[in-house]
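Visitor:
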Amino acid sequence: MTKYVLKRIGTALLTLLIITFLLFLLVRIMPGNPFPSERMSADMIANKRAEMGLDDPIPVQFFNYLRKLLLEGDFGNGTSLYYGVPINSVLATCMSNSFRIGGMAILIGTALGLLLGITAALNRGKFLDGFCTVLSIIGVCVPSYVFLIFLQYYFSFRIPFFPYFFDAKRFLFSSVIPSLSLSLFTLSTIARFTRNEMVEVMDSDYVHLAEAKGLHGGSLVRRHVLRNALIPIVTVLAPLIVDLLTGALVVEKIYGINGIGKLMVDAITGEGIDYNYVLALGILYSALYIGIMLLVDILYGVLDPRIRVQGKAGDA
Numbered sequence: 003m004t005k006y007v008l009k010r011i012g013t014a015l016l017t018l019l020i021i022t023f024l025l026f027l028l029v030r031i032m033p034g035n036p037f038p039s040e041r042m043s044a045d046m047i048a049n050k051r052a053e054m055g056l057d058d059p060i061p062v063q064f065f066n067y068l069r070k071l072l073l074e075g076d077f078g079n080g081t082s083l084y085y086g087v088p089i090n091s092v093l094a095t096c097m098s099n100s101f102r103i104g105g106m107a108i109l110i111g112t113a114l115g116l117l118l119g120i121t122a123a124l125n126r127g128k129f130l131d132g133f134c135t136v137l138s139i140i141g142v143c144v145p146s147y148v149f150l151i152f153l154q155y156y157f158s159f160r161i162p163f164f165p166y167f168f169d170a171k172r173f174l175f176s177s178v179i180p181s182l183s184l185s186l187f188t189l190s191t192i193a194r195f196t197r198n199e200m201v202e203v204m205d206s207d208y209v210h211l212a213e214a215k216g217l218h219g220g221s222l223v224r225r226h227v228l229r230n231a232l233i234p235i236v237t238v239l240a241p242l243i244v245d246l247l248t249g250a251l252v253v254e255k256i257y258g259i260n261g262i263g264k265l266m267v268d269a270i271t272g273e274g275i276d277y278n279y280v281l282a283l284g285i286l287y288s289a290l291y292i293g294i295m296l297l298v299d300i301l302y303g304v305l306d307p308r309i310r311v312q313g314k315a316g317d318a
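For the sequence shown, our numbering gives the first residue as 3, with consecutive numbering after it.
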């Protein structure tokens with residue numbers, strides 16, 4: 003298991019390094035001016051470019067950027083968005099908001115999705131199966147921001163219980179509406195996959211054999227059905243987690259959440275494209291996605307020991 007984990011960690015780090023270089027290269031060759039030309043003269047921009055090393059060859063720029071990032075964890079400063087403010091300090095606030103709201107959405111969506119999926123699978127062909135399936139289809143079809151507007155109208159305007167817009171001073175109350183709206187797609191996706199995978203597993207030979215030996219009810223579901231159905235569910239959940247943790251662009255913009263998604267939109271649509279923020283957020287997105295997929299690979303080995311055995315056979 004240790005060799006299995008170390009091999010995947012090495013692959014993940016190499017992948018992240020390659021992605022970082024490609025992102026850096028793409029950002030550097032993009033057209034446009036990263037500085038707010040309306041507020042800065044040509045001489046000021048030239049001095050700023052020299053100060054930030056933007057006139058150096060790209061390999062030299064990348065080496066210096068990577069050295070500061072690895073040794074100091076420094077993404078640099080903003081060039082047009084939050085001009086002169088360290089990106090790390092802005093990212094810390096935005097990540098805190100997005101991660102807490104996204105984390106709540108993940109917990110709500112996963113828990114309710116598993117509950118709906120299991121209920122539908124255990125009542126296959128009955129009313130509950132059809133009811134849960136219809137709910138899943140509705141959740142997949144309705145965009146999160148539409149559900150957000152619906153919740154805002156009824157629970158902030160008609161019944162003024164939750165804030166109409168995000169208020170950091172009332173974080174818990176302010177997080178309910180966006181968390182519920184963001185959890186809808188996750189809930190529906192998990193419910194649909196859980197139901198389908200459990201039905202497939204329940205029709206397998208080894209489950210019928212376990213039933214013939216007298217294993218029924220919760221023990222059969224826990225030991226044989228649910229565990230074998232979890233692997234494809236974990237695969238589906240991984241990219242959903244990254245999307246929720248990095249913030250839904252439209253939901254954060256509508257609800258006024260100072261999160262990562264809104265920050266990316268502001269960096270692109272401001273006075274000038276803030277390449278440093280675009281690069282930092284691109285690296286952050288990539289690191290989160292690779293980290294989640296690494297965790298999924300490790301969970302594969304935990305849930306299904308055959309994967310570890312196959313990995314050893316491949317190494318041999």
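Even for Gly, the Cβ is constructed at its ideal location relative to N, Cα and C.
1) Following the continuous alpha helix (DSSP H) through Tyr6, name the residue where it begins and the one where it ends.
2) Could you say which of Asn230, Ile60, Ile192, Lys5 lies nearest to Leu116 if we only look at CA atoms?
3) How would you write the range of the alpha helix (DSSP H) that Asn99 sits in, first residue to last?
4) Helix, strand or coil: which one does DSSP assign to Gly293?
5) Taking contact to mean 3 or more Cβ pairs, one atom from each stretch, closer than 8 Å, check whether the stretch 89-106 and the stretch 59-73 are in contact.
6) Under the three-state reduction of DSSP, which class applies to Asn79: helix, strand or coil?
7) Leaving aside the five residues before and after Pro88 along the sequence, list all residues of the same chain whose C-beta is less than 7 Å from its C-beta, in chain order.
8) Hey, how far is the Cα of Ser82 from the Cα of Arg194?
9) Rank Asp268, Ile259, Thr196 by C-alpha distance to the C-alpha of Thr95 and give the top, closest one.
10) Here's a check: name, in chain order, each residue in its chain whose Cβ is nearer than 7 Å to the Cβ of Asp231, leaving out the five neighbours to either side.
11) Taking Cβ positions, are Gly284 and Leu25 nearer each other than 8 Å?
12) Measuring only the C-alpha atoms, how far is Phe129 from Leu182?
13) Do the CB positions of Thr158 and Tyr166 come within less than 8 Å of each other?
14) Can you give the beta carbon distance from Asn66 to Gly55, rounded, assuming they're within the 8 Å contact cut?
Guide: The relevant details are as follows:
1) 4-31
2) Ile192
3) 89-124
4) helix
5) The stretch 89-106 vs the stretch 59-73: no contact.
6) strand
7) Excluding residues within five positions, the ones whose Cβ falls inside 7 Å are Asn79.
8) 44 Å
9) Out of Asp268, Ile259, Thr196, Ile259 has the C-alpha closest to the C-alpha of Thr95.
10) According to the sequence shown, residue 231 is Ala rather than Asp. Around Ala231: Thr196, Glu199, Met200, Val203.
11) yes
12) 26 Å
13) With the sequence shown as reference, residue 158 is identified as Ser, and Thr is not the correct amino acid for it. Yes, the Cβ-Cβ distance between Ser158 and Tyr166 is below 8 Å.
14) 6 Å
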